[in-house]
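S.K.:
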Amino acid sequence: MARGLLGARLISDVGGIRTSGVIVETEAYEGLDDPASHAATRVGRTRRNRAMFGPPGRAYVYRIYGMHWCVNVVTGREGDPQAVLLRGLDPLEGLEAMAHRRGGRTPLAAGPGRLCQALGITGALYGHDLRRPPLRLEPGWAVERVRIGVGGRIGVRAAADRPLRFYVQGAPGVSRVLSRREPP
DNA sequence: ACTCCGATTGTT
DNA sequence: ACAATCGGAGTA
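Reminder that position 7 of the first sequence reads as 233 in the working numbering, one-by-one numbering, no gaps.
1) Can you pull the DSSP bridge partners for residue 392?
2) Once DSSP output is grouped into helix, strand and coil, what is the label at residue 310?
3) Applying the 10 Å Cβ sphere with the 16-neighbour rule, what's the burial state of residue 347?
4) Check each candidate in 238, 249 and 239 and name the one with the smallest Cα separation from residue 232.
5) Buried or exposed for residue 237, going by 16 or more other Cβ atoms inside 10 Å?
6) Any contact between the stretch 275-290 and the stretch 305-313? By contact I mean 3 or more CB pairs, one from each, below 8 Å.
7) Report all residues from its chain with a CB closer than 7 Å to the CB of residue 366; omit the five preceding and five following residues, and keep chain order.
8) Per DSSP, which residues does residue 245 bridge with? Please list them.
9) What does DSSP give as the partner residue(s) for residue 298 in the beta ladder?
10) Do residue 320 and residue 401 come within 8 Å of each other at the CB atom, strictly closer than that value?
11) Can you give the Cα-Cα distance for residue 357 and residue 363, rounded to whole angstroms?
12) Compute the Euclidean distance between the alpha carbons of residue 342 and residue 290, then round it to the nearest angstrom.
13) Tell me which same chain residues have a C-beta within less than 8 Å of the C-beta of residue 410, skipping the five on either side of it?
14) Where does residue 364 sit, in a helix, a strand or coil, going by DSSP?
15) Whose CA, out of 295, 330 and 243, lies closest to the CA of residue 311?
16) Going by Cα to Cα distance, which pick from 300, 288, 324 and 258 is closest to residue 240?
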């Protein structure tokens, strides 16, 4: 599912401003059996992860480090809390608006926090149906398998070795890992 | 009530 | 290498 979202189009009309791009980096979170998931068994249903237990095609938005927003696409059926974190986007429309929202900083939408900031995604979109404005997910372009990279998820401690991060090799919207901690 | 810390980013 | 910044989740 996370792999399939590569090449899809994400369109935002938040604030009446059109911004869009192609998804080039994702991470899968496998729910109950995934210790890195916000909806792992040991956590159970909470107010925060409620959207992940809902129907697929909705947005699970959460705040991280008290300052950044991250957005997931809920992919599991109702009651099965699977989700895909959107980590990187190649901008298509509204580059100027993105730059403004990003405070002139670059890159525009490489990284989950930057992606949300560039598209104006906040907690106001918690549980939002991604078939409708102001945030829509649409079919985009098929990505050749040979161009897809796979690796461990970034920033997670538990199950960091599971190959659940997918990205389009060479795409500018893929986040860069500054420092990586090596296992002892 | 209190502690710990995170699916990050930007600066030093 | 480290600060920013705060709510979620665990413990008491």
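Glycine residues also receive a C-beta, built at the ideal position from the N, C-alpha and C atoms.
M.R.: Reading from the atomic positions:
1) On the first sequence, position 166 is the one that residue 392 refers to. Residue 392 pairs with 252 and 376.
2) Here residue 310 refers to the residue found at position 84 of the first sequence. Residue 310: strand per DSSP, three-state reduction.
3) For the purposes of this step, residue 347 is identified with residue 121 of the first sequence, where counting begins at 1. Counting of Cβ neighbours within 10 angstroms places residue 347 among the buried residues, the total reaching 16 or more.
4) Along the first sequence, read from residue 1 onward, the residue named residue 232 stands at position 6. Nearest neighbour of residue 232 by Cα position, chosen from 238, 249 and 239, turns out to be 249.
5) Here residue 237 refers to the residue found at position 11 of the first sequence. Buried is the call here.
6) yes
7) By 1-based counting over the first sequence, the position of residue 366 is 140. Taken in chain order, the residues that qualify are 233, 234, 235 and 248.
8) Numbered from 1 along the first sequence, position 19 holds the residue referred to as residue 245. Paired residues: 238.
9) Counting from one through the first sequence, the residue named residue 298 turns up at place 72. Partner(s): 286 and 311.
10) Looking up residue 401 in the first sequence gives position 175. Looking up residue 320 in the first sequence gives position 94. Not closer than 8 Å, so no.
11) What you label residue 357 is simply residue 131 of the first sequence in a count that begins at 1. What you label residue 363 is simply residue 137 of the first sequence in a count that begins at 1. Cα to Cα, the separation comes out at about 6 Å.
12) Residue mapping note: residue 342 aligns to position 116 of the first sequence, counting from 1. Residue mapping note: residue 290 aligns to position 64 of the first sequence, counting from 1. Cα to Cα, the separation comes out at about 12 Å.
13) As a first step, residue 410 is located in the first sequence; it is residue number 184 there, counting from the start. Summary for residue 410: the model assigns pLDDT 37, below 50, so the residue's position carries little reliability, and this model does not support an answer.
14) Indexing the first sequence from 1 puts residue 364 at position 138. In the structure shown, residue 364 sits in a strand (DSSP, three-state: E or B).
15) The count along the first sequence starts at 1 and reaches residue 311 at position 85. Ranking the options by Cα distance to residue 311, first place goes to 295.
16) For the purposes of this step, residue 240 is taken as residue 14 along the first sequence, with counting starting at 1. Looking at the Cα atoms, 324 is the closest of the given residues.
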